[in-house]
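Notes follow once the structure below has been shown.
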Amino acid sequence: MDIAQAAEVAKHTAETMPIDGKVIIRAAALLGAGICMGAGAIGPGIGEGVVGGKTCEGIARQPELQGVLTRTMLIADAIAETTGIYALVIALLLIFVVS
Amino acid sequence: MLSGADLLTIVCFTAAGISTGLGAIGTAIGVGIIGGDGLQGIGENPKMEGRLLQTMLIGMSIASTTAIYALVISVLLIFVVGRGV
Amino acid sequence: MQGIGEIVQKRIFLPWANLSVDINPKTLITTWAIIFFILIAAVLIRRSMRRSPGRFSAAFELMYTGFEDMAVEALGRDARKFTPLIFTLFIFVLFCNWVGIIPGLKSPTYDLNTCLGLGIMMFVICHASAILHKGVKEYVLSYTKPFFFFLPLNVVGEFGKVISHSFRLFGNMYAGAIILALAGPVTIKVFGALDLPSYSASPVLLVSYFILQGFFGLFVGTVQALVFALLALTYIAVLREV
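Chains as they are written, first to last, in my numbering: chain A, 774 to 872; chain B, 436 to 520; chain C, 14 to 255.
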């Protein structure tokens, strides 16, 4: 396809679906979904990292508590995960529900 | 002239890039913190190396969960929404 | 790259119930084949337990006692009831993840339905077991700990646990399979853009295929199966504690 044919195709598609309010709303929703999940994944990542690090240190200091420490680490991870889940749910809602 | 479909495709791919790009920041920092403290623990107590390695691996795979969420959203945006537009 | 990320679906119409059902035939058949294989392997290993243990059954016994120790630490006396469940979950998810390595087959956990099914099943098991063990009054009271206004936070946290449990497994397998499917075409395109002959791409492709399959398929699959089973055990223990 050369330039003339590409311009023809672009003009045709611009006429069939011009940029109006609906398209901009959907575009904004998709962009919002991307930013939401991206920025929302920063916090839980760092938080769960700190939790895991302290657990390793605790197991090294007191090896007989390893069962308790591992289970507490998993519980703390589940709670630190919840804000990440909120971000995921909002991102999925923005992608699939905004028409 | 720019059409609606083009604008949606542009925004789709931009959003996909932002999603995984930002999502990888926190995970990398978190996994690094786990690795550092895990190594410190092995240094304090070399006998517990097997158990510490196992805990480190489990912690790392849980800490990288949110990066996986961001990756799934990106893949969804590229292959499902970007194609259907 | 057309079919990446797609799952074939077929719609069946049930005339007696007057509703139509969407199924994914590839996922279902692979899941049944894995279940069949695990059952036969279990029967064979059980039979070979009479004689002195060979290497294979000894490896299984080692894994089982490892899980039983963890369950006893978490649950106390009731570990006997739950160890088979946790071990079966581990083995099932392990083989589901490993099947994806074979070219041409896709892991059942590549499909979100399998992972959500497992997550919802564990949700029902945990809460039903907690109600049967503690009684309804104690169970409802446990949502108000540590403070009374934590009630909505705890309820949302329960749903968050189910979603994170399933999505962790699904996300790791889905992302791994997509990266693997993309590695080939992207390598060929890069070699084409650098103007290298396309036959020199094949050793790079072969080596990268084995490395990527080994990492994403075997290693990540094993770790995710272990995390799934351990988290299931932890949820049961946390909900049952008085």
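Don't be surprised by glycine CBs; every beta carbon is placed ideally from N, CA and C.
Given the structure is predicted, the values throughout are model-derived calculations rather than measurements.
task = Just tell me which of A:Gly818, A:Arg834, A:Val796 and A:Met810 has its CA closest to the CA of Leu474 (chain B).
result = Here residue 474 (chain B) corresponds to residue number 39 of the second sequence, with the count starting at 1. Considering only alpha carbons, the answer is A:Arg834.
Proximal chain B residues relative to Gly184 (chain C), where beta-carbon distance stays under 8 Å = As a working mapping, residue 184 (chain C) is identified with position 171 in the third sequence. Result: Thr500, Ile503, Tyr504, Leu506 and Val507.
request  = Residues of the stretch 483 to 494 of chain B with a CB closer than 9 Å to any CB of chain C: list them in chain order, please.
outcome  = Gln489, Leu492 and Ile493
Euclidean distance between Cα positions of Ile51 (chain C) and Phe105 (chain C) = Numbered from its first residue, the third sequence carries residue 51 (chain C) at position 38. Numbered from its first residue, the third sequence carries residue 105 (chain C) at position 92. Spanning the two alpha carbons is a distance of roughly 8 Å.
query = Out of curiosity, what's the CA-to-CA distance linking Asp793 (chain A) and Ala802 (chain A)?
reply = Counting from one through the first sequence, the residue named residue 793 (chain A) turns up at place 20. Counting from one through the first sequence, the residue named residue 802 (chain A) turns up at place 29. Going by the C-alpha atoms only, they are around 15 Å apart.
query = For the 8 Å Cβ check, are there 3 or more pairs between the stretch 148 to 159 of chain C and the stretch 190 to 205 of chain C?
reply = no
inquiry  = By the three-class DSSP mapping on this structure, what secondary structure does Ile207 (chain C) have?
reply    = Counting from 1 along the third sequence, the entry for residue 207 (chain C) is found at position 194. According to the sequence provided, residue 207 (chain C) is Leu. The question's Ile does not apply to it. Reduced to three states, the DSSP call for Leu207 (chain C) is coil.
message = I'd like to know if the stretch 809 to 825 of chain A and the stretch 460 to 470 of chain B are in contact, where contact means that at least 3 CB-CB pairs between them fall below 8 Å.
response = yes
key: Element boundaries [alpha helix (DSSP H), containing Ile114 (chain C)]   = Your numbering for residue 114 (chain C) matches position 101 in the third sequence. Per DSSP, Ile114 (chain C) belongs to no alpha helix (DSSP H) and is neither H nor E.
Beta-carbon proximity check, Asn110 (chain C) vs Ala238 (chain C), cutoff 8 Å = Against the third sequence, residue 110 (chain C) aligns to sequence position 97. Against the third sequence, residue 238 (chain C) aligns to sequence position 225. The answer is yes: Cβ separation under 8 Å.
Asp793 (chain A) - DSSP class collapsed to helix/strand/coil = In the first sequence, the residue the question calls residue 793 (chain A) occupies position 20. Looking at Asp793 (chain A) - three-state DSSP - the assignment turns out to be coil, as it is neither helix nor strand.
query = Met437 (chain B) by DSSP, collapsed to three states: which one?
reply = The residue given as residue 437 (chain B) occupies position 2 in the second sequence. Correcting the residue identity first, residue 437 (chain B) is Leu in this sequence and not Met. Coil.
key: Close Cβ partners of Asn480 (chain B) (< 8 Å) along its chain, the five nearest in sequence each way excluded   = Counting from one through the second sequence, the residue named residue 480 (chain B) turns up at place 45. Excluding positions up to five away in sequence, the list reads Leu487.
query = Name the DSSP bridge partner or partners of Lys150 (chain C)?
reply = Along the third sequence, one-based indexing puts residue 150 (chain C) at 137. None, per the DSSP bridge assignment.
inquiry  = Between B:Ala450, B:Gly467 and B:Ala440, which has its C-alpha nearest Val507 (chain B)'s C-alpha?
reply    = As a position in the second sequence, residue 507 (chain B) is number 72, starting the count at 1. With distances taken between Cα atoms, Val507 (chain B) lies closest to B:Ala450.
Chain-ordered chain A contacts of Glu254 (chain C) [CB-CB under 9 Å] = Sequence index remark: in the third sequence, residue 254 (chain C) carries index 241 (1-based). What Glu254 (chain C) touches in chain A: nothing, since even the nearest Cβ is about 10 Å away.
inquiry  = Quick check on this structure: which residue in A:Val841, A:Ala864 and A:Ser872 has the alpha carbon closest to the alpha carbon of Leu243 (chain C)?
reply    = As a working mapping, residue 243 (chain C) is identified with position 230 in the third sequence. Checking every option, the nearest Cα to that of Leu243 (chain C) belongs to A:Val841.
key: Residue span of the beta strand (DSSP E) that contains Arg24 (chain C), given as start and end   = As a first step, residue 24 (chain C) is located in the third sequence; it is residue number 11 there, counting from the start. Here the beta strand (DSSP E) through Arg24 (chain C) covers Lys23 to Leu27.
request  = Tell me, please, which residues DSSP counts as bridged to Val34 (chain C).
outcome  = As a first step, residue 34 (chain C) must be located in the third sequence, where it is residue number 21. DSSP, once it has assigned bridges, lists C:Ile25 as partnering Val34 (chain C).
ask   = Considering Tyr222 (chain C), what are the terminal residues of the alpha helix (DSSP H) in which it resides?
value = Locating residue 222 (chain C) in the third sequence gives position 209, where the first residue counts as 1. Start and end: Ala214 to Leu225.
message = Please classify Val240 (chain C) as buried or exposed, where buried requires at least 16 neighbouring CB atoms within 10 angstroms.
response = Sequence index remark: in the third sequence, residue 240 (chain C) carries index 227 (1-based). With 16 or more other Cβ atoms within 10 Å, it is buried.
ask   = Does DSSP put Phe160 (chain C) in a helix, a strand or coil?
value = Along the third sequence, read from residue 1 onward, the residue named residue 160 (chain C) stands at position 147. Note: Phe160 (chain C) maps to coil in three-state DSSP.
ask   = Looking at Ala245 (chain C) and Leu88 (chain C), is the spacing between their C-beta atoms short of 8 Å?
value = As a position in the third sequence, residue 88 (chain C) is number 75, starting the count at 1. As a position in the third sequence, residue 245 (chain C) is number 232, starting the count at 1. Cβ distance not < 8 Å, so Leu88 (chain C) and Ala245 (chain C) don't count as in contact.
request  = Can you pull the chain F residues whose beta carbon is under 9 Å from the beta carbon of Phe180 (chain C), in chain order?
outcome  = Going by chain labels, chain F is absent from the structure shown, which instead holds the protein chains A, B and C.
key: Spatial distance of Leu482 (chain B) from Ala71 (chain C) (CA atoms)   = In the second sequence, counting from the first residue as 1, residue 482 (chain B) sits at position 47. In the third sequence, counting from the first residue as 1, residue 71 (chain C) sits at position 58. Leu is not the amino acid found at residue 482 (chain B); the sequence shown has Lys there. Straight-line Cα distance between these residues: approximately 25 Å.
request  = With distances taken Cα to Cα, identify the nearest neighbour of Leu218 (chain C) among C:Val236, C:Val168 and C:Leu193.
outcome  = Here residue 218 (chain C) corresponds to residue number 205 of the third sequence, with the count starting at 1. Closest option to Leu218 (chain C), Cα to Cα, is C:Leu193.
query = DSSP state of Gly67 (chain C), grouped into three classes?
reply = Counted from its first residue, the third sequence places residue 67 (chain C) at position 54. In this structure, Gly67 (chain C) counts as coil in the three-state DSSP scheme.
inquiry  = With a threshold of 8 Å between beta carbons, is Val516 (chain B) in contact with chain A?
reply    = For this step, residue 516 (chain B) is matched to residue 81 along the second sequence. It does: the Cβ of Val516 (chain B) has a partner Cβ on chain A nearer than 8 Å.
key: Nearest candidate by alpha-carbon position, reference Leu41 (chain C), set C:Phe172, C:Ile176 and C:Ser120   = Your numbering for residue 41 (chain C) matches position 28 in the third sequence. Residue C:Ser120 is the option with its Cα nearest to Leu41 (chain C).
ask   = Ile858 (chain A) to Ile133 (chain C), Cα distance in whole Å?
value = Here the question's residue 858 (chain A) lines up with position 85 in the first sequence. Here the question's residue 133 (chain C) lines up with position 120 in the third sequence. Taking the straight line joining both Cα atoms gives about 16 Å.
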